[in-house]
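*Asks:* Structure in structure tokens, see below.
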């Protein structure tokens with residue numbers, strides 16, 4: 002009899018251990034969520050503002066009792082927008098911090114480097130701050146996107162320019178996976194209209210060495226320059242081009258970091274166009290923007306911007322997935338919960354997932370930097 006009891010107790014202990022293994026980062030009262038992103042370096046404002054938006058939403062949820070009785074805690078590791086550091090950060094979050102899931106990473110090269118790590122660990126990630134096709138194809142069941150792709154953004158930009166009769170379009174891009182993803186989107190959009198770039202030139206990641214790029218692009222006299230880079234290098238290119246008398250238009254994709262670019266450019270920013278993948282955060286014209294502004298103020302954040310708006314949406318999508326997963330929260334349950342979000346309207350921003358499609362959103366918009374660095378919709 003005693004032997005049977007020991008066996009039964011051993012079985013219960015093993016079952017308990019197995020249950021805990023399935024719910025790493027989840028206790029009865031808390032869910033630990035990880036973020037790897039640039040908190041330092043030339044892309045720091047992107048990671049910092051994304052984090053602010055995520056935390057603003059998590060704070061509001063926690064104050065209302067959490068999700069299914071559990072509060073949310075965000076743990077962030079800085080990767081400086083460098084792939085090697087991103088790998089180390091993700092390993093630290095998964096192996097040391099024991100997080101349940103990931104949210105709000107920043108960048109294509111960092112995302113691509115980290116992808117094999119969290120995929121092997123079967124840890125889901127919601128809201129990668131990148132539109133690169135390499136993180137969308139082939140399909141990965143652990144990656145849930147909240148923003149539209151760079152193909153969507155570059156198509157919107159080229160469509161706008163060609164509608165205005167602009168055909169001489171140059172491309173200035175970061176010499177890495179991010180820049181090349183944007184360049185591919187530009188080539189697709191241009192070739193669709195039987196066009197080729199007027200000129201192309203690159204800048205290295207985390208540098209502002211743009212002299213060679215200026216010398217390659219300006220002699221071609223393009224009517225517009227589309228930039229696929231981080232805000233420091235893009236701002237430097239624009240300022241130097243203006244100093245050298247270039248009078249054409251500048252367009253950027255959303256990853257540039259709109260407010261960071263406007264702040265860096267100062268008066269030189271007027272007229273620069275940026276494509277966006279989230280609703281305009283400055284005017285409460287939709288329920289989700291009104292909620293964003295309210296939650297930001299409640300979190301002591303009185304400055305609004307596109308990056309924190311995106312972080313807020315990432316937090317909102319993640320929480321809805323957790324809510325749908327139910328009380329017995331596992332990573333597989335979270336995936337199932339997210340995949341049940343078909344045509345979900347978050348108040349003016351739609352998310353659409355299925356077991357075979359995690360692209361999430363097709364939302365794109367265009368904004369212009371106006372006077373005093375303010376954005377015009």
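In my numbering, the protein residues as written are 2 to 378.
Positions of the beta carbon are idealized from the N, C-alpha and C atoms, including for glycine.
#1: Grab me the residues of residue 305's own chain with a C-beta within less than 6 Å of its C-beta, minus the 5 sequence neighbours each way, in chain order.
#2: Exposed or buried, residue 376, counting other C-beta atoms within 10 Å across all chains shown (16 or more means buried)?
#3: Evaluate the contact criterion for the stretch 335 to 352 versus the stretch 106 to 122: three or more CB pairs, one atom per stretch, below 8 Å.
#4: For residue 275, which option in 216, 209 and 370 has the closest C-alpha, if you only look at C-alpha atoms?
#5: Looking at residue 341: is its Cβ nearer than 9 Å to the Cβ of residue 325?
#6: Taking the alpha helix (DSSP H) that residue 78 belongs to, which residues open and close that run?
#7: Measuring CB to CB, does residue 328 end up less than 9 Å from residue 69?
#8: State the DSSP-derived secondary structure class of residue 370, mapped to helix, strand or coil.
#9: What distance in whole Å lies between the Cβ atoms of residue 143 and residue 126, which are believed to be in contact at a cut-off of 8 Å?
#10: Compute the Euclidean distance between the alpha carbons of residue 163 and residue 193, then round it to the nearest angstrom.
#11: What does the alpha-carbon distance come out to for the pair residue 363 and residue 255?
#12: For residue 145, which residues of its own chain have a beta-carbon under 8 Å away from its beta-carbon, when the five flanking residues on both sides are left out?
#13: Look at the alpha carbon of residue 378 and the alpha carbon of residue 33, and state the distance between them as a whole number of angstroms.
#14: Identify the continuous alpha helix (DSSP H) that holds residue 161 and give its terminal residues.
#15: Could you check where the alpha helix (DSSP H) with residue 253 kicks off and where it finishes?
*Replies:* Reading off the structure:
#1: 282 and 283
#2: buried
#3: no
#4: 370
#5: yes
#6: Element bounds for residue 78: not the alpha helix (DSSP H) but the beta strand (DSSP E), 72 to 79.
#7: yes
#8: strand
#9: About 6 Å separates the Cβ atoms of residue 126 and residue 143, confirming a contact at the 8 Å cut-off.
#10: Straight-line Cα distance between these residues: approximately 11 Å.
#11: 13 Å
#12: 125, 126, 127, 128, 318, 322, 339, 354, 359 and 361
#13: 37 Å
#14: 151 to 164
#15: Counting along the chain, residue 253 falls outside any alpha helix (DSSP H), though it belongs to the beta strand (DSSP E) covering 250 to 253.
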